[in-house]
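Using my numbering, the first residue of the sequence shown is number 5, and each one after it goes up by one. Built from N, CA and C at the ideal position, the CB exists for glycine as well. Just below is one structure, and these are the notes that go with it.
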Amino acid sequence: MELIQPSETLELVHTLGNWSISQETGFSPVQLIAASAAACSTYVFEKLLDERGIPYELKKVLFDYQLGVYYPNPVAKIDVQFFIKANARVRKEIEHVFYQIAENCPVIQSLHPRVKINESIIFN
């Protein structure tokens, strides 16, 4: 991977188009941390559900983060909400798999233990 700085903004080089890493024109590094945790959680959740043959439809994933109050204001908390459509018969199975996300997500496992990850499922 490579970072370049063709102007005031850093860019992460990618074959399909570079990513701007800046709060003004792209995503900040802190936003990328939260997005990485949410994306990894989603991939892991779907993989675990698919491996077990549990029918579901992932409608959307929302996430937010909070920074610590003291300098250097590290990420303190990441909230991830999974909106899932599923038959009432399989919801307990989905919840069982849901509790296995953090231990199987390499991004979450890479974060400092002080970073709280709050994940939730909203069935619809």
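Query raised in the report: Helix, strand or coil for residue 35 per DSSP?
Result: On the sequence shown, position 31 is the one that residue 35 refers to. Residue 35 falls in the helix class under three-state DSSP.
Requested in this report: Within the stretch 48–119, note down every full beta strand (DSSP E) run reaching 3 residues or more, in order along the chain.
Outcome: 61–71, 79–89
Query raised in the report: How many angstroms separate the CA atom of residue 87 from the CA atom of residue 105?
Result: Reading the sequence shown from its first residue, position 83 is the one you call residue 87. Reading the sequence shown from its first residue, position 101 is the one you call residue 105. Whole-angstrom Cα-Cα distance: 15 angstroms.
Query raised in the report: Where does residue 46 land, buried or exposed, given buried means 16+ other C-beta within 10 angstroms?
Result: Here residue 46 refers to the residue found at position 42 of the sequence shown. Under this definition residue 46 is a buried residue.
Query - Limits of the unbroken beta strand (DSSP E) element including residue 16 - result: In the sequence shown, residue 16 corresponds to position 12, counting from 1. It spans 14–16 - the beta strand (DSSP E) in which residue 16 sits, taken as one unbroken run.
Query raised in the report: Should the stretch 19–33 be called in touch with the stretch 71–90, which here means at least 3 C-beta pairs below 8 angstroms?
Result: no
Requested in this report: Keeping to the same chain, check which residues put their C-beta closer than 6 angstroms to that of residue 9; ignore five residues upstream and five downstream.
Outcome: Within the sequence shown, residue 9 is the residue found at index 5, counting from 1. The answer is none, since no qualifying residue turns up.
Query raised in the report: What residue does the beta strand (DSSP E) around residue 24 start on, and which one ends it?
Result: Here residue 24 refers to the residue found at position 20 when the sequence shown is read from its first residue. It spans 23–25 - the beta strand (DSSP E) in which residue 24 sits, taken as one unbroken run.
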